[in-house]
Amino acid sequence: FFAEFAGTFLLILVIFGTMVHRHHQAGLIIGLLVGGFLITTSSTMFANPQVTIARIFTWAAAGIRPVDALGFIAAQLLATGAAIAIARLLWGADLNQA
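Under our numbering, the first residue of the sequence shown is numbered 162, with each subsequent residue one higher.
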């Protein structure tokens with residue numbers, strides 16, 4: 162679940178960073194980050210409660226047991242809150258303008 166937390170946290174923080182700095186390669190940056198996480202994290206980085214719930218009903222290798230889904234969703238929500246808090250510390254008012 163730590164991998165899910167870390168992946169979601171970094172994804173949200175990078176999204177905020179590209180918004181604040183209005184980076185013209187935001188799509189490429191986020192795509193490379195997600196692609197890297199998909200192949201390197203133990204959870205394959207669902208990073209989204211909707212995806213996690215959908216994977217409960219998937220019989221593929223990337224499926225998830227319903228009992229594990231609660232932990233994944235909790236990690237995703239906690240990571241989102243932490244990323245928002247850090248983004249506010251880093252960019253403050255600039256975040257509101259993005």
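Glycine included, every Cβ here is placed at the ideal spot set by N, Cα and C.
Supposed contact pair residue j and residue i - C-beta distance, whole angstroms, cut 8 Å
{"i": "Ala240", "j": "Phe170", "result": "4 Å"}
{"i": "Val195", "j": "Leu172", "result": "7 Å"}
The alpha helix (DSSP H) enclosing residue i, as first and last residue numbers
{"i": "Gln237", "result": "Pro227 to Trp252"}
{"i": "Ala187", "result": "Ala187 to Thr201"}
{"i": "Arg216", "result": "Pro210 to Ile217"}
{"i": "Gly168", "result": "Phe163 to Val181"}
Residues of its chain near residue i, where Cβ-Cβ distance is below 7 Å and the 5 sequence neighbours each way are ignored
{"i": "Leu174", "result": "Ala244, Ile247 and Ala248"}
{"i": "Arg216", "result": "Phe207, Ala223, Gly224 and Ile225"}
Rounded separation between residue i and residue j - CA only
{"i": "Phe207", "j": "Val181", "result": "25 Å"}
{"i": "His184", "j": "Phe177", "result": "11 Å"}
{"i": "Ile214", "j": "Gln237", "result": "12 Å"}
{"i": "Gly188", "j": "Ala221", "result": "28 Å"}
{"i": "Ala254", "j": "Val228", "result": "40 Å"}
Cβ neighbour criterion (16 or more within 10 Å) applied to residue i
{"i": "Thr219", "result": "exposed"}
{"i": "Phe163", "result": "exposed"}
Within-8 Å CB hit, residue i to chain D
{"i": "Gly253", "result": "Looking at the structure shown, chain D is missing, and only one protein chain is on hand."}
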